[in-house]
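**Q**
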Amino acid sequence: MNIGQFRRYREENFEASQWGERIQDKRKRPEIPTVQIFESLSEMVVFGQKSLLDLDQFLRTLEARRWHGSDRAMVASDTTLERVVEGMERTSIQGIGYRVIDKADEQSLWDLKLPSGKKLRFGIVDGHWAGGIWASVLAVGGKSDGVVDLERYPGRGHELGASRQVLKRAFGKLGDGFFEMVAGDGLYASLEDFQLCLGHGSHLLVKTDEETLTVIQDAKHLFSCRDAKSLKGVGWQEGCDTTRLIEYEVWWAEEFDWQGLKMTVGWVKEHPLKPAKDRPEHTAYWVLTTATGLTGEDLRELAHLRWEIENNIFKRLNFLVESKRRHSHKPQVMEMLLRIWMIGVTILGAYLFERGWKTLKESWQAMKVTWHIVTELMKRSLIMLYGYG
157 MNIGQFRRYR
167 EENFEASQWG
177 ERIQDKRKRP
187 EIPTVQIFES
197 LSEMVVFGQK
207 SLLDLDQFLR
217 TLEARRWHGS
227 DRAMVASDTT
237 LERVVEGMER
247 TSIQGIGYRV
257 IDKADEQSLW
267 DLKLPSGKKL
277 RFGIVDGHWA
287 GGIWASVLAV
297 GGKSDGVVDL
307 ERYPGRGHEL
317 GASRQVLKRA
327 FGKLGDGFFE
337 MVAGDGLYAS
347 LEDFQLCLGH
357 GSHLLVKTDE
367 ETLTVIQDAK
377 HLFSCRDAKS
387 LKGVGWQEGC
397 DTTRLIEYEV
407 WWAEEFDWQG
417 LKMTVGWVKE
427 HPLKPAKDRP
437 EHTAYWVLTT
447 ATGLTGEDLR
457 ELAHLRWEIE
467 NNIFKRLNFL
477 VESKRRHSHK
487 PQVMEMLLRI
497 WMIGVTILGA
507 YLFERGWKTL
517 KESWQAMKVT
527 WHIVTELMKR
537 SLIMLYGYG
């Protein structure tokens, strides 16, 4: 695995050479091609660069100048990077993000296989704070994980409105029904949000531990009945999740009436095999969706996969580029940086799933494979490729 292989993969699968035609900024006679700025920023996740100053210092090196085909003394300074990013047109960067999602979909990277064998495209929406700004982020989870789009909002209490905007935009760009399922936390357990997804050919799935909704109270009463396991339409399963080291029990049923909708409700109780000191020994939560034909294990798995956006996008991005830092005091700049980094982490994740992890494991069998190792190997391979002579 090396940086040259990554670049070839990015070009063959995501047509990176066309990005320059799509990116627009406000400079009338730019001395530095906008695509060089964009690629430098998106590759921060590849090289594990933690700040614009780190990137500035890297862009002064011989290998960086050769990598970007620049004949300047440096590709761009940190102040130039910030100034150009501020002038980038949001819709052009947004468009590249959607193009990346479309191209990955052509490779079936977003096909998610459930325990029952069913396949679907799974969207995840959640609020996120990074670098001084709040944004509702729409991600897709499958064989790999990617970011579709985001919508900035002013602060706590405004997440739902932003999420509805980003969902409508995504359905408009990708097409109704692109996501068979969209997952959110308990905040999204509202008639408006279920109807929004249904109106665009999708189903909303909500994981919550709140029991105030009447549909949950109805389900709790049903599942608590004597001989509930023998009742028609009631499902029950228990098992052991060997990946997460959890024993579980799931109850579920369909056809619950709630505000004019027919709901499927699942009740999951879990017991970690190795309880952490700061966590309870038992947890329970509810899963709500308008989708039908899912098993209890499907519902439980989808509820867990809702956390993919936190673990595989937000935390990963913060590890790679320290996205929670204020890289700029200008909200517009931070938003554009987030968009570009999220495109970068989507492509890197796709590359690692399809090519990188296998190659890395074959070459470094005795080493624990991590994202840190990936960034170190990428930096080393660039120096070997361009850093001498």
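Its first residue numbered 157, the sequence shown is counted upward by one per residue in my numbering. Just so you know, even glycine gets a beta-carbon here, dropped at the ideal spot from N, CA and C.
By DSSP's criteria, Met-534 is part of a beta bridge. Which residues make up the other side?
**A** Paired residue(s): none; Met-534 is not in a bridge.
**Q** How big is the Cα-Cα spacing for Ser-196 and Pro-436?
**A** The alpha-carbon atoms of Ser-196 and Pro-436 are separated by roughly 44 Å.
**Q** Is it buried or exposed, Trp-423, if we count other Cβ atoms within 10 angstroms and call 16 or more buried?
**A** Buried, since its Cβ has 16 or more Cβ neighbours within 10 Å.
**Q** Could you give the DSSP three-state label for Ala-522: helix, strand or coil?
**A** Model confidence at Ala-522 stands at a pLDDT of 49, short of 50, so the residue's coordinates are unreliable; what they give is reported in the following sentence. Correct three-state label for Ala-522: coil.
**Q** Excluding the 5 residues flanking Ser-319 on each side, which residues of the same chain have their C-beta closer than 6 Å to its C-beta?
**A** Here the set comprises Val-281, Ser-292.
**Q** Does the Cβ of Asp-212 lie closer than 7 Å to at least one heavy atom of the ligand PLP?
**A** Absence of the ligand PLP is noted for the structure shown, with no ligands found whatsoever.
**Q** Quick one, are the C-beta atoms of Met-534 and Phe-162 less than 8 Å apart?
**A** A contact, by the Cβ cut-off of 8 Å.
**Q** If you draw a straight line from the alpha carbon of Pro-186 to that of Thr-236, how long is it in whole angstroms?
**A** If you take the alpha carbons of Pro-186 and Thr-236, they lie about 11 Å apart.
**Q** State yes or no: is the C-beta of Phe-470 within less than 8 Å of the C-beta of His-284?
**A** Against a cut-off of 8 Å, the Cβ pair of His-284 and Phe-470 comes out as a contact.
**Q** Among Pro-487, Leu-360, Leu-294, whose alpha-carbon lies nearest the alpha-carbon of Pro-310?
**A** The shortest C-alpha separation from Pro-310 is found at Pro-487.
**Q** State yes or no: is the C-beta of Asp-365 within less than 8 Å of the C-beta of Trp-442?
**A** Yes, the Cβ-Cβ distance between Asp-365 and Trp-442 is below 8 Å.
**Q** Out of curiosity, what's the CA-to-CA distance linking Pro-271 and Lys-324?
**A** Whole-angstrom Cα-Cα distance: 29 Å.
**Q** With H, G and I counted as helix, E and B as strand and the rest as coil, what does DSSP make of Pro-431?
**A** Coil.
**Q** Who are Leu-417's beta bridge partners in DSSP?
**A** For Leu-417, which the question treats as bridged, DSSP gives the partners Trp-414.
**Q** Going by DSSP, what residues sit across from Arg-308 in a beta bridge?
**A** Paired residues: Ala-291.
**Q** If Phe-170 and Ile-503 are in contact, beta carbons under 8 Å, what's the gap, nearest whole angstrom?
**A** The Cβ separation is near 6 Å, so the contact holds.
**Q** Just the Cα atoms here: how many angstroms apart are Met-337 and Gly-395?
**A** If I take the Cα positions, the gap works out to 24 Å.
**Q** According to DSSP, is Val-303 part of a helix, a strand, or is it coil?
**A** Of the three classes helix, strand and coil, the one that applies to Val-303 here is strand, per DSSP.
**Q** Of the residues Thr-190, Leu-461, Arg-178, which one's Cα is nearest the Cα of Asp-341?
**A** Per the Cα distances, Leu-461.
**Q** Should Gly-287 and Lys-480 be called a contact, given that it needs their Cβ atoms to be closer than 8 Å?
**A** Yes, the pair counts as a contact, with Cβ atoms nearer than the cut-off.
**Q** Kindly indicate which three-state DSSP category His-460 falls into: helix, strand or coil?
**A** Three-state result, His-460: helix.
**Q** Which runs of the alpha helix (DSSP H), 4 residues or longer, sit entirely within the region 443-508?
**A** Listed in chain order, they are 452-461, 471-477, 487-507.
**Q** Using the Cβ count rule (16 or more neighbours within 10 Å means buried), how would you classify Ser-198?
**A** The residue is buried, with at least 16 neighbouring Cβ atoms inside 10 Å.
**Q** Can you tell me which residues form a DSSP beta bridge with Tyr-404?
**A** Paired residue(s): Gly-395, Glu-426.
**Q** Can you tell me whether Ser-380 is buried or exposed? The criterion is at least 16 other CB atoms within 10 Å of its CB, across all chains shown.
**A** By the 10 Å Cβ count, Ser-380 comes out exposed.
**Q** Would you say Leu-208 and His-483 are within 8 Å of each other, going by their C-beta atoms?
**A** Yes, the pair counts as a contact, with Cβ atoms nearer than the cut-off.
**Q** Between Arg-246 and Ser-386, what straight-line distance do the alpha-carbon atoms span, to the nearest angstrom?
**A** Using only the alpha carbons, I get a separation of about 56 Å.
**Q** Taking 8 Å as the cut-off, decide whether the C-beta atoms of Thr-439 and Glu-426 are in contact.
**A** Yes, the pair counts as a contact, with Cβ atoms nearer than the cut-off.
**Q** Output yes or no for whether 8 Å exceeds the beta carbon distance between Leu-294 and Val-322.
**A** It is a contact, given that the beta carbons lie within the stated cut-off.
**Q** Taking the beta carbon of Leu-215 as the centre, do at least 16 other beta carbons fall within 10 Å, making it buried, or is it exposed?
**A** It counts as buried.
**Q** Quick one: residues in its chain with C-beta nearer than 7 Å to the C-beta of Gln-205, no 5 flanking neighbours on either side, listed in chain order?
**A** So the list reads Leu-211, Phe-214, Val-477, once near-sequence residues are dropped.
**Q** I'd like to check one pair, Ser-248 with Gln-180: are the Cβ atoms closer than 8 Å?
**A** In contact: Gln-180 and Ser-248 (Cβ atoms closer than 8 Å).
**Q** Taking the alpha helix (DSSP H) that Ile-249 belongs to, which residues open and close that run?
**A** Counting along the chain, the alpha helix (DSSP H) containing Ile-249 begins and ends at 246-262.
**Q** In the DSSP assignment, find the alpha helix (DSSP H) that holds His-377 and state where it starts and stops.
**A** It spans 370-379 - the alpha helix (DSSP H) in which His-377 sits, taken as one unbroken run.
**Q** Going by DSSP in three states, Gly-322 sits in which element: helix, strand or coil?
**A** Here residue 322 turns out to be Val, not Gly, going by the sequence shown. In this structure, Val-322 counts as helix in the three-state DSSP scheme.
**Q** When you compare the CB positions of Leu-455 and Val-406, do they come within less than 8 Å of one another, or not?
**A** Yes; because the gap between Cβ atoms is below 8 Å, this pair is in contact.
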